[in-house]
Amino acid sequence: MPGQHTRTPEATGAEPDGAPADAGGGRHRTAPAPGAAEGAALMGVSKIRFTRLARLGLLVPVAFRSDRYRAVAWLYPARELTLFASDDGNAPLLTGRLPETLRGQLDTGLDLRPRNWRARHLGLLLRRADGPWARAGAVASLLPPAHVAQLVTDSRDRSRLTEHLVPPPSHGTPGSPASRIAENLMTARDPDEIARLRSELARLIHEAREAGPVGPRTPRPGPRLRGPGPDHRMAPGTAGPPRRPLRGGRPARRCRANR
Numbered sequence: 001m002p003g004q005h006t007r008t009p010e011a012t013g014a015e016p017d018g019a020p021a022d023a024g025g026g027r028h029r030t031a032p033a034p035g036a037a038e039g040a041a042l043m044g045v046s047k048i049r050f051t052r053l054a055r056l057g058l059l060v061p062v063a064f065r066s067d068r069y070r071a072v073a074w075l076y077p078a079r080e081l082t083l084f085a086s087d088d089g090n091a092p093l094l095t096g097r098l099p100e101t102l103r104g105q106l107d108t109g110l111d112l113r114p115r116n117w118r119a120r121h122l123g124l125l126l127r128r129a130d131g132p133w134a135r136a137g138a139v140a141s142l143l144p145p146a147h148v149a150q151l152v153t154d155s156r157d158r159s160r161l162t163e164h165l166v167p168p169p170s171h172g173t174p175g176s177p178a179s180r181i182a183e184n185l186m187t188a189r190d191p192d193e194i195a196r197l198r199s200e201l202a203r204l205i206h207e208a209r210e211a212g213p214v215g216p217r218t219p220r221p222g223p224r225l226r227g228p229g230p231d232h233r234m235a236p237g238t239a240g241p242p243r244r245p246l247r248g249g250r251p252a253r254r255c256r257a258n259r
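For the sequence shown, this note's numbering begins at 1 and goes up steadily by one.
Following this line, the structure appears as C-alpha cells:
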C-alpha cells in the first residue's frame, strides 16, 4: 500500500511490555514474543492445545513471521500467556478435553488469529495517529481497496487519505511471497469486520472534514488507491477487538474496544 510506515512492535516482533517477571524478580528465559512451541512450554500445555486456544481467540497474536515455505508463525506476548495460564478460571481449558462447543467451533475451521492480530495492530496505529486523517488512514489500511474506493469518492479526500495509508509490517521485498502474505493478513476478510471498518472510516473522514479543509478547493488528481489484486477475494468470516468464543456456543461478538 502507498503511504509512510513507522516500524512498530508488531512489525519487529517485539512485545511492548517485555517479558514477565518471575517470583524472584528476574525474567523468564523466553522471548518477549514467543511462537507457539515456546509459548506452549511457557504455559505448560502442548503445542496442539496452545494452537487451538489461539484459533479460538483466547490467545491473541502480537506479530507474525513467514518462512520460505510461506508458512505463517504467530508470535504472542509472553506476559499475556503467563497471565492466562495463571488464571484459575482458565484451568479447565489447559487440561483435559475442551468443552464440546469449543471443539465444534474448531471443527468448522474457526481461526481468529488473523482477525485478532488486525484488531491489535489497528489499536496501536490509532494510538500513534497524530490526527483525524492519520486515524482514517489507519482504518482504511485494513479494508480491501475496493471498499475504500467505493466509500471515499471525493478526489481531495482520496488524496489526503492515501497520504496516510499504512503498509503492512515489513516482510521481505515488495512483491515477494512474504510481502504478499503480510498484505493478505493486513486485509479484513469477515463481512462484519469489513462493515464495521467501513462505518468507522466514514465517521473518521467526516471528523477530518469538520476539523478543517483538506487543501485547495480546486480539485486536483491524487494518488490512485490500489485496486484489488488478482488473488483478492472476500472470504467468509472488524478488525474489532480480539474476538473470543462463547463457551456455550458461537464466538462472541465484540462489545467494542479496539485482529
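Yeah, the Cβ is synthetic: ideal placement off N, Cα and C, and Gly gets one too.
Subject >> Nonlocal neighbours in the same chain, by C-beta distance under 7 Å from Ala11, ignoring five residues either side >> reply: Sequence index remark: in the sequence shown, residue 11 carries index 11 (1-based). Since pLDDT at Ala11 reaches only 39, below the 50 mark, its modelled position is unreliable, and no value is offered.
Subject >> Reduced DSSP category for Leu307 - H, G, I as helix; E, B as strand; rest coil >> reply: Residue 307 falls outside the range modelled here, since the chain spans only 1 to 259, and no answer is possible.
Original post:
For the candidate residues Leu102, Arg79, Ala73, whose alpha-carbon lies nearest to that of Lys47?
Top reply: On the sequence shown, residue 47 is found 47 positions in, with the first residue counted as 1. Checking every option, the nearest Cα to that of Lys47 belongs to Ala73.
**OP:** Count the C-beta pairs between the segment 140 to 151 and the segment 89 to 97 that are closer than 8 Å, then say yes if the count reaches three, no if not.
**Re:** no
**OP:** Just the C-alpha distance for Leu201 and Asp192, rounded to the nearest angstrom, thanks.
**Re:** Taking the first residue of the sequence shown as position 1, residue 201 is located at position 201. Taking the first residue of the sequence shown as position 1, residue 192 is located at position 192. The straight-line gap from Cα to Cα measures roughly 14 Å.
**OP:** Mind listing, in chain order, the continuous beta strand (DSSP E) runs of no fewer than 3 residues lying wholly within the segment 42 to 108?
**Re:** 63 to 66, 72 to 75
Subject >> Identity of the residue in Val45, Glu38, Arg65, Thr51 nearest Ser179 by Cα >> reply: Taking the first residue of the sequence shown as position 1, residue 179 is located at position 179. Closest by alpha carbon: Arg65.
Subject >> Where Gly96 falls, given that 16 or more other Cβ within 10 Å makes a residue buried >> reply: For the purposes of this step, residue 96 is taken as residue 96 along the sequence shown, with counting starting at 1. So Gly96 ends up on the exposed side.
**OP:** Compare the Cα-Cα distances from His133 to each of Arg203, Ala188, His147, Leu124 and report the closest residue.
**Re:** Start at 1 with the first residue of the sequence shown, and residue 133 comes out as number 133. One point to set straight first is that residue 133 is Trp, not His, in the sequence displayed. The candidate whose alpha carbon is nearest that of Trp133 is Arg203.
Original post:
Three-state secondary structure (DSSP) at Ser199?
Top reply: Here residue 199 corresponds to residue number 199 of the sequence shown, with the count starting at 1. Residue state, collapsed to three classes: helix.
Subject >> From Gln150, Asp130, Arg120, residue whose alpha carbon lies closest to that of Met186 >> reply: As a working mapping, residue 186 is identified with position 186 in the sequence shown. Checking every option, the nearest Cα to that of Met186 belongs to Arg120.
Original post:
So is Leu83 buried or exposed if we call it buried at 16+ other beta carbons inside 10 Å?
Top reply: Indexing the sequence shown from 1 puts residue 83 at position 83. Looking at its Cβ environment, which holds fewer than 16 other Cβ atoms inside 10 Å, Leu83 is exposed.
Original post:
Leaving out the 5 sequence neighbours to the left and right, which residues in its chain are closer than 7 Å to Ala208 when beta-carbon positions are compared?
Top reply: Here residue 208 corresponds to residue number 208 of the sequence shown, with the count starting at 1. Contacts found: Pro132, Trp133, Ala136.
Original post:
In angstroms, rounded to a whole number, what distance separates the CA positions of Leu94 and Leu112?
Top reply: Here residue 94 is taken as the residue at index 94 of the sequence shown, counted from 1. Here residue 112 is taken as the residue at index 112 of the sequence shown, counted from 1. Approximately 19 Å, taken between the alpha carbons.
Original post:
Counting along the chain, where does the alpha helix (DSSP H) carrying His121 start and finish?
Top reply: For the purposes of this step, residue 121 is identified with residue 121 of the sequence shown, where counting begins at 1. Taken as a continuous stretch (DSSP letters only), the alpha helix (DSSP H) holding His121 covers 113 to 128.
Subject >> Helix, strand or coil at Pro9 according to DSSP, with G and I counted as helix >> reply: By 1-based counting over the sequence shown, the position of residue 9 is 9. Bear in mind that the predicted position of Pro9 carries a pLDDT of just 37, short of 50, making it unreliable; the figure below should be weighed with that in mind. If DSSP states are grouped into helix, strand and coil, Pro9 belongs with the helices.
Original post:
Would DSSP call His206 helix, strand or coil?
Top reply: The residue you call residue 206 lines up with position 206 of the sequence shown. In this structure, His206 counts as helix in the three-state DSSP scheme.
Original post:
Can you give, in chain order, each stretch of the alpha helix (DSSP H) that sits fully within the segment 135 to 183 and has at least 4 residues?
Top reply: 145 to 151, 155 to 163
Subject >> Option in Arg79, Arg68, Ala71, Ala63 with minimal Cα separation from Pro43 >> reply: Taking the first residue of the sequence shown as position 1, residue 43 is located at position 43. It should be pointed out that residue 43 corresponds to Met in this sequence rather than to Pro. Nearest C-alpha to Met43: Arg79.
Original post:
Quick one: what's got a C-beta closer than 7 Å to Leu125's C-beta in the same chain, skipping five residues either side?
Top reply: Here residue 125 corresponds to residue number 125 of the sequence shown, with the count starting at 1. Ala138, Val166, listed in sequence order.
Original post:
Whose CA, out of Arg198, Thr108, Ala37, Pro32, lies closest to the CA of His147?
Top reply: Within the sequence shown, residue 147 is the residue found at index 147, counting from 1. Among Arg198, Thr108, Ala37, Pro32, the Cα nearest to that of His147 is on Arg198.
Subject >> Thr263 classed as buried or exposed, judged by whether at least 16 other C-beta atoms fall within 10 angstroms >> reply: Lying outside 1 to 259, the shown extent of the chain, residue 263 is not represented and no answer is given.
Original post:
Looking at the structure shown, is Gly131 part of a helix, part of a strand, or coil, going by DSSP?
Top reply: In the sequence shown, counting from the first residue as 1, residue 131 sits at position 131. Reduced to three states, the DSSP call for Gly131 is coil.
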